[in-house]
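Colleague: Residue numbers (the working numbering): 819 to 988.
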């Protein structure tokens with residue numbers, strides 16, 4: 819499926835890593851795709867492929883997407899300050915984890931406090947709850963293996979992509 823069908827390609831995108839300070843050490847958070855937008859070209863959306871299908875050493879793609887969201891929050895704030903704008907004190911970073919052709923949509927709330935605690939390697943005082951949505955496909959138990967292959971799964975999945983555009987802001 820081409821990304822332009824749902825007009826997700828109306829913003830520039832790039833696959834890269836972002837600087838990520840954790841426990842006082844510089845690390846790199848990787849997403850498969852970042853979509854940029856706005857006056858300061860901030861990161862609007864993070865897309866991560868779940869590579870644990872058939873992999874002997876599974877990787878938690880959702881956890882990696884959350885790490886990339888924290889890095890994106892920090893990077894967006896650095897970009898905003900460099901452009902003379904106020905940094906965010908909190909921001910929801912949207913993301914999509916794709917397993918085959920099965921998406922999971924996430925809303926990751928990041929605060930300056932959470933970012934600081936991750937940087938310093940300390941526990942934040944508040945719980946961070948990441949919201950996620952799996953499309954309401956006809957056979958939920960087979961969602962990950964079937965994805966968009968069955969025709970009756972395509973409409974709910976494509977509807978979720980369309981609805982998620984309002985979360986992303988495109």
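Backbone N, C-alpha and C fix where the C-beta goes; we use that ideal spot for every residue, glycine too. This structure is a prediction, so every number in the text was calculated from the model and none was measured.
#1: On the DSSP bridge assignment, give the partners of residue 949 in chain order.
#2: So, with DSSP's three-state summary, where would you put residue 857?
#3: Which of the three DSSP states, helix, strand or coil, is assigned to residue 908?
#4: Helix, strand or coil for residue 866? Go by DSSP, reduced to three states.
#5: Once you ignore the five residues that flank residue 884 on each side, which residues in its own chain have a CB closer than 7 angstroms to its CB?
#6: In whole angstroms, give me the CA-to-CA distance for residue 930 and residue 969.
#7: Along the alpha helix (DSSP H) that carries residue 919, what are the first and last residues, could you check?
#8: Skipping 5 residues on each side, what residues in its chain have a beta carbon closer than 6 angstroms to that of residue 981?
#9: Comparing C-alpha positions only, which one of 920, 986, 946, 938 sits nearest to residue 881?
Modeller: Short version:
#1: 925
#2: coil
#3: strand
#4: strand
#5: 926, 948
#6: 43 angstroms
#7: Counting along the chain, residue 919 falls outside any alpha helix (DSSP H), and DSSP gives it neither H nor E.
#8: none
#9: 946
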